[in-house]
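Peer 1:
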Amino acid sequence: MLGLFILTSLSSDGSSTSPPDVEGEALHDLLMSLNDSNRKIADWNYFEVSPCSGWSHVTCSNGHVTYLSLGWIGFSGTISPAISRLKFLNCLELPDDNLSGALPDFLGGMIYLQTLDLSHNKFHGHIPSSWAQLSNLKHLDLSSNNLSGTIPPHFFSIETFNFTGTNLECGASFGTPCASSSSVQVATRKSKLELAVIAASCTFLLSLLGAAFIYWRRQLHNKLKNEVFVDVAGEDQCKISLGQLKRFSWREIQIATNDFSENNIIGRGGFGKVYRGKLADNTDVAIKRLLDCQNPGGEASFLREVLLISVAVHRNLLRLIGFCTTETERILVYPFMKNLSVAHRLRDLKPGEEGLDWSTRKRVAFGAAHGLEYLHEHCNPKIIHRDVKAANILLDENLEPVLGDFGLARLVDTRLTHVTTQVRGTMGHIAPEYLSTGKSSEKTDVFGYGITLLELVTGQRAIDFSRLEDEEDVLLVDHVSCLST
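What the sequence shown shows, in mature numbering (1 follows the signal peptide of the UniProt record, and there is no 0), is residues -16 to -1, 1 to 469, in sequence order.
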């Protein structure tokens, strides 16, 4: 009940009995086309002036709908052209909703769209040519749909484009199709002899390259195993990559953090310190130096967990860009968020910095919930965060919330069993049953999220000993409970 009250408070901007505005009517028309016959969304009140007055799944900015998340609800209809009346919408999420029909041509007119997720539906046909007008689009997910045709070339220049599980093709200009090679038609017929010679040559060449690669990997492994990382000028750069992740050398990390200078520290937590760093190409990064990382699994165990973190990709989760590992160190490298954390914006503002208005706090609350839900429901195996708090919710350049520090508990506890796992987290955010049993679950994360909502509403710390001067409750949850009685 307390969480519901908080979210309602964050969402409330006032109400009226006047007819809905243009955006409210557009959302009602959309809901009808999505076939919400079971009233899965029951709080969109037709008589409220604006959907910004507290409608679920809706986030507003400056009085306009900017974020609409209707995924995983289980609709079965189509997308109504009415949605194009949401002129300022920059994020539309409709994944896993059993929607059908062709990809809507009218979405091409929604020029402010930055994120479009229509994955895991039953859309068919091709990508509409009108979508070329989406000049601000950064993230597009069309995966697991019955789509075909050629992908327009400009979609390969956006930050994230997922088309796995479709029959889309890259086109002749890219040399090879995106679909399986079985869909490719051979332009000219070759004799069986010619094909046999070519096949044999390719097989021999691939075998030779494979042998060379294995030899190179063994030599490199032996070199790294015996390598001692020291702060010596001219040290060779380690250029190994693990998928899309970069493996940084210890020397690179030292230079980036000014040899882990105290002046570069921008955060501390239950898993280690965070340093601001600058890479050789002048990219600003946040470098997490993990604590207590020695374990019997060694580097192989660490890399398995790093890979698990790297595949958790969501707009409200902090993206891992690289790592570094030595016999005694475990380092993670993330993009630097110049607007820092929600905790900073609530309590540690410097002169000239703006705080968080109620609209932004609401966006933070829902964004963090979306990120946490993704970790619990859409990662396999599921990821339990174990340290959900305002300080671990970062803000990007558009003040969009990004949940960080997920998966770190597994990284530092791989030497322990699930029964004896050490309690990780921050006092004031740790669920009582987690403290008493040492076992974490989705419920312990939800407890931490509830404390984070209290931080958002009150602006206070989860644990504050200065309150002892006036009362006995140092914990924010007890302080709020006393106020409500």
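C-beta: ideal position from N, C-alpha, C; glycine also.
So residue 125 is in the alpha helix (DSSP H); what residue range does that whole segment cover?
Peer 2: That residue, residue 125, is in no alpha helix (DSSP H); its beta strand (DSSP E) goes 123 to 125.
Peer 1: Starting from residue 378, trace the beta strand (DSSP E) in both directions and tell me its first and last residue.
Peer 2: Residues 377 to 379.
Peer 1: Mapping the DSSP letters down to three states, classify residue 140 as helix, strand or coil.
Peer 2: helix
Peer 1: Alpha carbon to alpha carbon, how far is residue 91 from residue 68? Give it in angstroms, no decimals.
Peer 2: Their backbone Cα atoms lie some 7 Å apart in a straight line.
Peer 1: Taking the beta strand (DSSP E) that residue 44 falls in, what are its first and last residues?
Peer 2: 42 to 45
Peer 1: Among 257, 37, 75 and 434, whose alpha-carbon lies nearest the alpha-carbon of residue 300?
Peer 2: Residue nearest to residue 300 within the set 257, 37, 75 and 434 is 75 (criterion: CA-CA distance).
Peer 1: Within 10 angstroms of the Cβ of residue 520, are there 16 or more other Cβ atoms? Answer buried if so, exposed if not.
Peer 2: Since the first residue shown for the chain is -16 and the last is 469, residue 520 is missing from the structure and cannot be characterised.
Peer 1: Less than 6 Å between C-beta atoms, sequence neighbours within five positions excluded: which residues of the same chain meet that for residue 100?
Peer 2: Around residue 100: 76 and 124.
Peer 1: What span of residues does the beta strand (DSSP E) with residue 389 cover, start to end?
Peer 2: Run containing residue 389: none; DSSP gives neither H nor E here.
Peer 1: The beta strand (DSSP E) that contains residue 307, what's its start and end?
Peer 2: 306 to 309
Peer 1: Just the Cα atoms here: how many angstroms apart are residue 370 and residue 443?
Peer 2: 22 Å
Peer 1: Which of the three DSSP states is assigned to residue 434 in this structure?
Peer 2: helix
Peer 1: By the three-class DSSP mapping on this structure, what secondary structure does residue 293 have?
Peer 2: helix
Peer 1: Is the beta carbon of residue 240 less than 8 Å from the beta carbon of residue 261?
Peer 2: yes
Peer 1: Return the CA-CA distance between residue -12 and residue 441, expressed in angstroms with no decimal places.
Peer 2: The pLDDT assigned to residue -12 is 46, lower than 50, so where the model puts this residue is not dependable, and the model offers no usable value.
Peer 1: Kindly indicate which three-state DSSP category residue 153 falls into: helix, strand or coil?
Peer 2: strand
Peer 1: With 16 other CB atoms within 10 Å as the buried threshold, where does residue 376 fall?
Peer 2: Burial check for residue 376: the Cβ neighbour count within 10 Å reaches 16 or more, so the residue is buried.
Peer 1: Using 8 Å as the threshold, is the segment 286 to 295 in touch with the segment 333 to 348, meaning 3 or more CB pairs across them?
Peer 2: Contact between the segment 286 to 295 and the segment 333 to 348 is absent, because fewer than three Cβ pairs lie under 8 Å.
Peer 1: Three-state secondary structure (DSSP) at residue 65?
Peer 2: helix
Peer 1: For the alpha helix (DSSP H) that contains residue 48, what are its first and last residues?
Peer 2: Where residue 48 is concerned, there is no enclosing alpha helix (DSSP H), although the beta strand (DSSP E) it sits in stretches over 48 to 53.
Peer 1: Quick check: what's the CA-CA separation for residue -3 versus residue 310?
Peer 2: For residue -3, the predicted model reports a pLDDT of 41, less than 50, meaning its position is unreliable; a value from the coordinates is still stated below. Straight-line Cα distance between these residues: approximately 56 Å.
Peer 1: Near residue 107, what residues of its chain come up, given a Cβ to Cβ distance below 8 Å and the 5 sequence neighbours on each side ignored?
Peer 2: Close CB contacts of residue 107 within its chain, under the 8 Å cut and outside five residues either way in sequence, are with 83, 84, 85, 86, 87, 126, 129, 130 and 131 (chain order).
Peer 1: For residue 26, count neighbouring Cβ atoms within 10 angstroms of its own Cβ and tell me buried if that reaches 16, exposed if not.
Peer 2: exposed
Peer 1: To the nearest angstrom, how far is it from the Cα of residue 374 to the Cα of residue 113?
Peer 2: 42 Å
Peer 1: Suppose you measure from the CA of residue 381 to the CA of residue 12; what does that come to, to the nearest Å?
Peer 2: 32 Å
Peer 1: By Cβ distance, which residues of its chain are closer than 6 Å to residue 446, with the 5 residues on each side in sequence left out?
Peer 2: The answer, listed in chain order, is 412, 413, 435 and 460.
Peer 1: Ends of the alpha helix (DSSP H) at residue 358?
Peer 2: Residue 358: member of the alpha helix (DSSP H) spanning 342 to 361, first to last residue.
Peer 1: Please list, in chain order, all residues of the same chain as residue 56 whose beta carbon is under 6 Å from its beta carbon, the five residues on each side excluded.
Peer 2: 80
Peer 1: Mind checking who residue 316 pairs with in its DSSP beta bridge?
Peer 2: Residue 316 is bridged by DSSP to 272 and 307.
Peer 1: Cα-Cα, which of 237, 147 and 416 is closest to residue 134?
Peer 2: Answer by Cα proximity: 147.
Peer 1: Which residue or residues does DSSP assign as beta-bridge partners of residue 447?
Peer 2: DSSP links residue 447 through a beta bridge to 459.
Peer 1: Which whole-angstrom value is the C-beta distance of residue 105 and residue 60, which I expect to be below 8 Å?
Peer 2: That belief does not hold up - the Cβ atoms of residue 105 and residue 60 are roughly 10 Å apart, past 8 Å.
Peer 1: Judging by CA-CA distance, which residue of 305, 378, 306 and 297 is the nearest neighbour of residue 328?
Peer 2: 378
Peer 1: Using the beta-carbon count (16 or more within 10 Å), is residue 416 buried or exposed?
Peer 2: By the 10 Å Cβ count, residue 416 comes out exposed.
Peer 1: Can you give me the Cβ contacts of residue 426 inside the same chain, cut-off strictly under 6 Å, excluding the 5 residues immediately before and after it?
Peer 2: 360
Peer 1: Do you know offhand how far residue 465's Cα is from residue 429's?
Peer 2: 20 Å
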